[in-house]
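**Q**
Residue numbers (the working numbering), protein chains in the order written: chain A, 147 to 474; chain B, 23 to 386; chain C, 10 to 330.
#1: Kindly indicate which three-state DSSP category residue 29/C falls into: helix, strand or coil?
#2: For residue 10/C, which three-state DSSP category applies?
#3: Please say whether residue 69/B and residue 329/B have beta carbons closer to each other than 8 Å?
#4: At the 8 Å Cβ level, is residue 70/B part of the contact set with chain A, yes or no?
#5: Note down, in chain order, every chain C residue with its Cβ under 7 Å from the Cβ of residue 249/B.
#6: Chain B partners of residue 128/C, CB-CB under 8 Å?
#7: Name, please, each residue of chain A whose Cβ falls closer than 7 Å to the Cβ of residue 300/B.
#8: Considering only DSSP beta bridges, list what residue 227/B is partnered with.
#9: On the DSSP bridge list, what partners appear for residue 93/B?
#10: On the DSSP bridge assignment, give the partners of residue 255/A in chain order.
#11: So does the segment 274-281 of chain A actually touch the segment 240-250 of chain A, counting three or more Cβ pairs closer than 8 Å?
#12: Answer with buried or exposed for residue 331/B, where buried requires no fewer than 16 other C-beta atoms within 10 angstroms of its C-beta.
#13: For the segment 36-55 of chain C, which residues have a CB atom closer than 9 Å to at least one CB atom of chain B, in sequence order?
#14: For residue 71/B, count neighbouring Cβ atoms within 10 angstroms of its own Cβ and tell me buried if that reaches 16, exposed if not.
#15: For residue 13/B, count neighbouring C-beta atoms within 10 Å of its own C-beta (all shown protein chains included) and say buried if the count is 16 or more, exposed if not.
#16: DSSP beta-bridge partners for residue 247/C?
#17: Give the list of continuous alpha helix (DSSP H) stretches no shorter than 4 residues that lie fully inside the segment 149-190 of chain B.
#18: Compute the Euclidean distance between the alpha carbons of residue 288/B and residue 421/A, then round it to the nearest angstrom.
#19: Mind checking who residue 150/A pairs with in its DSSP beta bridge?
#20: Note down, in chain order, all residues in the segment 331-359 of chain B with a beta-carbon under 8 Å from any beta-carbon belonging to chain C.
#21: Apart from the five residues just before and just after residue 332/A, which ones in its own chain have a Cβ nearer than 6 Å to its Cβ?
#22: Residue 165/A and residue 294/A: beta carbons closer than 8 Å?
#23: How should residue 336/B be labelled, buried or exposed, when 16 other C-beta atoms within 10 angstroms of its C-beta is the threshold for buried?
#24: What did DSSP end up calling residue 333/A once you bin it into helix, strand or coil?
#25: Between residue 179/B and chain C, is there a C-beta pair that is closer than 8 Å?
#26: DSSP on residue 321/B, reduced to helix/strand/coil?
#27: Determine whether the Cβ of residue 208/C lies closer than 8 Å to any Cβ atom of chain A.
#28: Using CA coordinates, which residue listed in 17/C, 232/C, 322/C, 203/C is at the minimum distance from residue 158/C?
#29: Evaluate contact between the segment 56-64 of chain C and the segment 221-238 of chain C, counting only Cβ atoms and requiring at least three cross-stretch pairs below 8 Å.
#30: To the nearest angstrom, how far is it from the Cα of residue 274/C to the Cα of residue 268/C?
#31: Output the distance between the C-alpha atoms of residue 285/B and residue 458/A, rounded to the nearest integer angstrom.
#32: Identify every residue that forms a DSSP beta bridge with residue 410/A.
#33: Find out if the Cβ-Cβ distance for the pair residue 161/A, residue 340/A is shorter than 8 Å.
#34: Whole angstroms is fine: what's the gap from residue 94/C's alpha carbon to residue 374/B's?
#35: If you compare alpha carbons, which of 79/B, 236/B, 157/B is closest to residue 27/B?
#36: Of all the beta strand (DSSP E) runs that stay within the bounds of the segment 360-412 of chain A, which reach a length of 3 or more residues?
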């Protein structure tokens, strides 16, 4: 019977899942991921979550609670930084303790600590340490990590190519093809934390809704690192948050380019990173004056009606702008 | 150049002393008041933390008073502090203010600052000796102010006439601030001691001891924490706090190894509960109650801004610390909306709870 | 005969209770504050005075509630204590083994954790009024069903409707939506009760170790629908004490008795105060940048007391005069 390692479908899962999946599977572990978010799963876990925190973290509590009795170990990495020079929201690094002390009867937690702002702390090393405590040899660990890296790169490629996002997170190996672009399509850039963008329960299936109304979606992962760096440098402030930097750099890039007709920033209430990044984007939007912009702020009391109404109004504006432009 | 900085503990006394001796000219913001918070809240983006709102309010009021250069500390995360400069500059420019901004960033080497400082010094014709003397003078003033606060913590709960100790404290800060040289400072010190001796005290009271810990700005600024030290003192509780201007400096310079209750030791004590310090005061806030329990502190209060990225982690973990070390811990997550009665009621109930515990322990 | 008076003046309701030497309740009063605490207290005292047995002498007075300080000055209180302590004391008095006190009031709610007769933890509603009685009051008005009848409707329900949202505004729009969909009123009201309980548990009671015996007190405790929803949600039996609506006042009376016994005469000004013209005046002190709002308390045109100042000099002024 192979050891079951549980990965809650929350937070950094939405960026790194292919690396983690592949790594543990290659080593012969059984990887169990919590089911996609749905109402009862999410609400069951709310009672354990701290009230003053953002919805994605509350959802992490819910997914952990759902998963804890089904696995031998929970994989909740303590990730402060995975890229030199930038870091994630610090709450992610405190998550294992926060969960451990709030949810009863937790299984053992695998919580490798990684702070890649410092050269001697690498994710690969941390993961290796974890795997060796579970009895795996260094050669197979190395191979598994390499395969994981490949899977991760492939995932990033697919995102960049514009493959349909909901499919990318499904367990199936089905290839999904990017939408065929045409002149009548609205090209909308959506930015935000991956765990806001890619969890359909969080954002009321926003991505699918947009795709259904003939919108071609541009995401921050489609922007080259060089372009993001360029925009950040032009701004004159070195943004130290990994996602904040991505979101800001991509937004500025899209605001400058003719590629997109409008920008949506998907954020959540009480997010520290977004609270400082959004005003900067909003300011630039006003400065450039020509691209419609929508900031959607979601928390656990937001209802689908509110989001859809605002989305519709926004798309109207984009449509009208596009038509006007064509006439001119 | 008319320089301004936000209000932070006794920093203005320190800088005023430096300024009077070797410059530059400072225009400090008016004392933080309800108007400060109102202004700050009005122009702050949503979901920013309380310190941001206070500091923005300080800057607006200072610019109104005629300051033209803002100096503000910064860092590289992980919390919002490192972004204050770019967001605040944007807001202030939109409000029509014209100013220069100096960011004091801890990523630049100390040597960078020393070089810059030296250049300024030479430009003004200030000698190295004068500079060192000025530093010594200003540091002494701040240490005196902190010594006064520590006395107030011990004496206020014993006072017979409510408010007397606080009044004496305000007078003493003023005396120290106004002293223009070492001789005057010694005299002021003397006067302060006399004032303290004159406070009518009831030494028979058996005081509860409570620790105040949490996010740095909130702990060190009474205007931010709803004057929690004064309230507790007036309820007959001896308090101490974990954040001092001088302790932050000694920690940064690694000079605090002799202090058993240092931040370094607090971080060490927190390890079983949080394996790695994620930044700010987080680990320290977790460890301090454990340390201070050994000194007979019977309870702790954690103050933090409502949406604080770092301290909220400490908040969650302190539940467990409270249980395992048998020390009641009350958390105040503050934003600009908190009603007066809430604070008063909860503090009062907490003090009662501690009192009852003590009685219970005494009776066996 | 010695009696001890307790007065709990909250934002929604004012309650009074008189206990005898043994801690038995002699009489009590529950009335609405209606935004006028002084008048409410005077009215309450009048009612209680007329119900007093012959020969009863008030030997101690305690006040609690958000207007405890004002009331304390008005009546001459021996003890002024916060509502959490007062409620806990009353609960322990009747049920020495109690371990959890759930109190849902008109505008604020509390949870008090007690172990071995000692308060060890407590919580109050923080950011908003979700999980308090005002949630129900609004709906009662809108549906034109008196609050007291809510219980009947809820009990009849076979499957409560799920009402979303923490905010009363969101909850109301959800309720209206369900009504328009044709859901039965019984089920809607039951859903309302469940929503309140959910809000209470997720907000006020978050993270607290709820153990039985559990007491449920406060104005809302009369509502059977809420009691049932609580029991269902917690999976445990809940007791509603006999004097559920005046526990704050009872607690204050007990505290007064403890304070006064053996320490001398009470500061009680007597029932005569019901006839005195008492009012307050707001003064904004401009002596420093704190601009405190000082309250001046005036009895028959004589300023008697001040409070609300941070530095204490207004308070001291009253002491001198």
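Glycine is no exception: its CB is placed at the ideal position from the N, C-alpha and C atoms.
**A** Considering the structure as presented:
#1: Locating residue 29/C in the third chain gives position 20, counting from the first residue. It is a strand residue.
#2: As a working mapping, residue 10/C is identified with position 1 in the third chain. Residue 10/C falls in the coil class under three-state DSSP.
#3: Counting from one through the second chain, the residue named residue 329/B turns up at place 307. Counting from one through the second chain, the residue named residue 69/B turns up at place 47. A contact, by the Cβ cut-off of 8 Å.
#4: Working through the second chain from its first residue, we reach residue 70/B at position 48. Taking Cβ atoms only, chain A reaches closer than 8 Å to residue 70/B, which makes this a yes.
#5: Residue mapping note: residue 249/B aligns to position 227 of the second chain, counting from 1. What residue 249/B touches in chain C: 319.
#6: Residue 128/C sits at position 119 when you count from the first residue of the third chain. Under the 8 Å cutoff, chain B gives 371, 374, 375, 378.
#7: Along the second chain, one-based indexing puts residue 300/B at 278. Those within 7 Å of residue 300/B in chain A are 226, 236, 239, 240.
#8: Counting from 1 along the second chain, the entry for residue 227/B is found at position 205. In DSSP, residue 227/B forms no bridge with anything.
#9: Here residue 93/B is taken as the residue at index 71 of the second chain, counted from 1. In the DSSP output, where bridge partners are listed per residue, residue 93/B has 124/B.
#10: Numbered from 1 along the first chain, position 109 holds the residue referred to as residue 255/A. Note: residue 255/A sits in a beta bridge opposite 220/A.
#11: no
#12: As a working note, residue 331/B is residue 309 in the second chain. Buried.
#13: none
#14: Here the question's residue 71/B lines up with position 49 in the second chain. Residue 71/B is buried by the Cβ-count criterion.
#15: The requested residue 13/B does not occur in the structure, where chain B is confined to residues 23 to 386.
#16: Here residue 247/C refers to the residue found at position 238 of the third chain. Its beta-bridge partners are 223/C.
#17: 150-177
#18: Along the second chain, read from residue 1 onward, the residue named residue 288/B stands at position 266. Along the first chain, read from residue 1 onward, the residue named residue 421/A stands at position 275. Near 30 Å, if we compare the C-alpha coordinates of residue 421/A and residue 288/B.
#19: The residue given as residue 150/A occupies position 4 in the first chain. 176/A.
#20: Residues of the segment 331-359 of chain B that bring their beta carbon within less than 8 Å of a beta carbon in chain C comprise 341, 350, 355, 359, in sequence order.
#21: By one-based count along the first chain, residue 332/A stands at place 186. Contacts found: 361, 407, 464.
#22: Taking the first chain and counting its residues from 1, the one referred to as residue 165/A is at position 19. Taking the first chain and counting its residues from 1, the one referred to as residue 294/A is at position 148. Yes. Within cutoff.
#23: Here residue 336/B refers to the residue found at position 314 when the second chain is read from its first residue. So residue 336/B ends up on the buried side.
#24: For the purposes of this step, residue 333/A is identified with residue 187 of the first chain, where counting begins at 1. DSSP places residue 333/A in strand when its eight states are reduced to three.
#25: Position 157 of the second chain, counting from 1, holds the residue named residue 179/B. Output row for residue 179/B: interface = no.
#26: Your numbering for residue 321/B matches position 299 in the second chain. Residue state, collapsed to three classes: strand.
#27: As a working mapping, residue 208/C is identified with position 199 in the third chain. Closer than 8 Å: no.
#28: The residue labelled residue 158/C in the question sits at position 149 within the third chain. If we check each option's Cα against that of residue 158/C, 232/C comes out closest.
#29: no
#30: Here residue 274/C corresponds to residue number 265 of the third chain, with the count starting at 1. Here residue 268/C corresponds to residue number 259 of the third chain, with the count starting at 1. So the two alpha carbons sit approximately 11 Å from each other.
#31: Counting from one through the second chain, the residue named residue 285/B turns up at place 263. Counting from one through the first chain, the residue named residue 458/A turns up at place 312. Spanning the two alpha carbons is a distance of roughly 53 Å.
#32: Counted from its first residue, the first chain places residue 410/A at position 264. DSSP lists 336/A, 440/A as partners of residue 410/A.
#33: Position 15 of the first chain, counted from the first residue, corresponds to residue 161/A. Position 194 of the first chain, counted from the first residue, corresponds to residue 340/A. Cβ distance < 8 Å, so residue 161/A and residue 340/A count as in contact.
#34: The residue you call residue 94/C lines up with position 85 of the third chain. The residue you call residue 374/B lines up with position 352 of the second chain. One C-alpha to the other measures close to 7 Å.
#35: Taking the second chain and counting its residues from 1, the one referred to as residue 27/B is at position 5. Nearest C-alpha to residue 27/B: 79/B.
#36: For the beta strand (DSSP E) assignment, the uninterrupted runs of no fewer than 3 residues enclosed by the segment 360-412 of chain A are, from N- to C-terminal side, 361-365.
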